[in-house]
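For the sequence shown, UniProt numbering begins at 1 and goes up steadily by one.
For each residue, glycine too, the CB sits at the ideal point set by N, CA and C.
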Amino acid sequence: MGYDMFDYREMTGVLSTMFSPRMFLLETFFGGTEVKTHDTKHVDIDIVRRGRKMAAFVSPRREGRVVDREGYRTATFTPPYIKEKKVTTAEHVLTRRPGETIYAKPMTPDQRAGEILGEDMTELRDRILRREAWMAAQLLKTGVVVCQGDGIDVTIDFGMPSDHKIILSEVDKWTADTSDPSGNLVTWRELIARDSGLVPNVAVLGSDVAAAVRRNELLMKQLDSRRVTLGQIDPQQLPDGVIYLGQLEATDLYSFSDYYEDDDGDLQPMVPEDYIFLGSTQSANRRHAGLIEDLDLNAEAEVQYFAKSWKNPDPSARFVMVQSAPLPAMHQPDAFAAIKAV
Numbered sequence: 001m002g003y004d005m006f007d008y009r010e011m012t013g014v015l016s017t018m019f020s021p022r023m024f025l026l027e028t029f030f031g032g033t034e035v036k037t038h039d040t041k042h043v044d045i046d047i048v049r050r051g052r053k054m055a056a057f058v059s060p061r062r063e064g065r066v067v068d069r070e071g072y073r074t075a076t077f078t079p080p081y082i083k084e085k086k087v088t089t090a091e092h093v094l095t096r097r098p099g100e101t102i103y104a105k106p107m108t109p110d111q112r113a114g115e116i117l118g119e120d121m122t123e124l125r126d127r128i129l130r131r132e133a134w135m136a137a138q139l140l141k142t143g144v145v146v147c148q149g150d151g152i153d154v155t156i157d158f159g160m161p162s163d164h165k166i167i168l169s170e171v172d173k174w175t176a177d178t179s180d181p182s183g184n185l186v187t188w189r190e191l192i193a194r195d196s197g198l199v200p201n202v203a204v205l206g207s208d209v210a211a212a213v214r215r216n217e218l219l220m221k222q223l224d225s226r227r228v229t230l231g232q233i234d235p236q237q238l239p240d241g242v243i244y245l246g247q248l249e250a251t252d253l254y255s256f257s258d259y260y261e262d263d264d265g266d267l268q269p270m271v272p273e274d275y276i277f278l279g280s281t282q283s284a285n286r287r288h289a290g291l292i293e294d295l296d297l298n299a300e301a302e303v304q305y306f307a308k309s310w311k312n313p314d315p316s317a318r319f320v321m322v323q324s325a326p327l328p329a330m331h332q333p334d335a336f337a338a339i340k341a342v
């Protein structure tokens, strides 16, 4: 049996091995690149809340004391569905491609079709990843993500505590002479440690907050950059748009500049310019992918993406579609805080 680059099995297999752009928020706060796939439309998410009870004193001559199971609740969510497609016509495969040299042997239509297929799958996959990164950013800000689109209007709320959504007063903003960023971090770390049992170790700063840090001479002197000096953090290995500012109160500070295009076509920052996302990289947060609802896919298959292609006879065209049902989940919403700092 010959190789068919348009076979959905081949296409889906290629998607699973394609290089993925580094997604800083997802990789930092949602379990890295690992994705838990599901063969169900609905996904049960355990929301972890750890207790603070101590072990009881019991006489060795008495029965051991039974400890009640506690510390989490299970919520059921339906990952929002994504399905987009690209179309290739005869004009696309019969004419010279962008960058194709005119001085050497031209590409054949089949070669152009293969190149277009790879580019289309990459674009569709990257659009899904960008949407997932956007979902992660919304969750880090409020614990809530609203997914609206063609036939979908879903609000997913993981229940971030209200006192973890902080707005600094004018005198406390990091642009004010009366601000105390170091003291703020200590307070916020204690808040998260008290509520979650985890100590936050990373703060991601929007552009305006990062600028305020750089303008604060005292704060810049307090920042510890020894992790770079010792080689624990390699600035050259950080994703595009990420800058390591240093460590303050045992918290690594990063600035992050990444953008997405909203429904009106305007560019918006993934991390709002005036916000700080503070959290623990040790949280139970993880990425999930729900069931792909397509008859061409084995009903029991668990995949992050599903790609398929088909021809339309009149007008002649070939379609390529990639489907996914991504859900970055806050299993420990109280291990995070969002601060409007400037």
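Check: At which residue ranges does the region 106-193 contain complete alpha helix (DSSP H) runs of 4 or more residues, listed in the order of the chain?
Finding: You should have 109-142.
Notebook entry, point to check: residue 223: which of 241, 251, 207, 206 sits nearest, CA to CA?
Noted result: Residue nearest to residue 223 within the set 241, 251, 207, 206 is 251 (criterion: CA-CA distance).
Notebook entry, point to check: Tell me which same chain residues have a C-beta within less than 6 Å of the C-beta of residue 175, skipping the five on either side of it?
Noted result: Excluding residues up to 5 positions away in sequence, 212, 342 lie with their Cβ nearer than 6 Å to the Cβ of residue 175 in the same chain.
Item checked: Which residues DSSP lists as bridging residue 221, in chain order -> In the DSSP output, where bridge partners are listed per residue, residue 221 has none listed.
Check: Counting along the chain, where does the beta strand (DSSP E) carrying residue 92 start and finish?
Finding: Going by DSSP, residue 92 is part of no beta strand (DSSP E) but of the alpha helix (DSSP H) stretching over 90-94.
Next item on the list: Rounded to whole angstroms, what's the CA-CA distance from residue 133 to residue 329? Just pull it up for me.
Entry: Spanning the two alpha carbons is a distance of roughly 12 Å.
Margin query: Can you give me the C-alpha to C-alpha distance between residue 350 and residue 44, rounded to a whole angstrom?
Written below: An answer regarding residue 350 cannot be provided, because it is not within the stretch 1 to 342 covered by the chain.
Item checked: CB of residue 335 within 8 Å of CB of residue 198, strictly -> In contact: residue 335 and residue 198 (Cβ atoms closer than 8 Å).
Checklist line | Distance, residue 280 Cα to residue 260 Cα | finding: In this structure, the straight-line span from the alpha carbon of residue 260 to that of residue 280 is close to 25 Å.
Notebook entry, point to check: So does the region 152-163 actually touch the region 298-315, counting three or more Cβ pairs closer than 8 Å?
Noted result: The region 152-163 vs the region 298-315: no contact.
Margin query: Quick check: residue 31 and residue 286, are their CB atoms within less than 8 Å of each other?
Written below: In this structure, residue 286 lies closer than 8 Å to residue 31 by Cβ.
Item checked: Own chain residues within Cβ distance below 8 Å of residue 1, not counting five before or after -> Confidence at residue 1 is low in this model, with a pLDDT of 47, below 50, so the placement of that residue should be treated as unreliable; the coordinate-derived value is given next. Within its own chain, no residue has a Cβ closer than 8 Å to the Cβ of residue 1 once the five positions on either side in sequence are excluded.
Item checked: Which listed residue (246, 241, 139, 142) has its alpha carbon closest to that of residue 203 -> Nearest of 246, 241, 139, 142 to residue 203, Cα basis: 246.
Item checked: Reference residue 193, options 283, 310, 29, 46, closest by Cα -> Comparing Cα-Cα distances from residue 193 to each of 283, 310, 29, 46, the minimum goes to 283.
Check: Do residue 331 and residue 38 come within 8 Å of each other at the CB atom, strictly closer than that value?
Finding: The answer is no: Cβ separation not under 8 Å.
Note to self: If you follow the alpha helix (DSSP H) that residue 29 is in, where does it begin and where does it stop?
What the structure shows: In this chain, the alpha helix (DSSP H) harbouring residue 29 covers 24-29.
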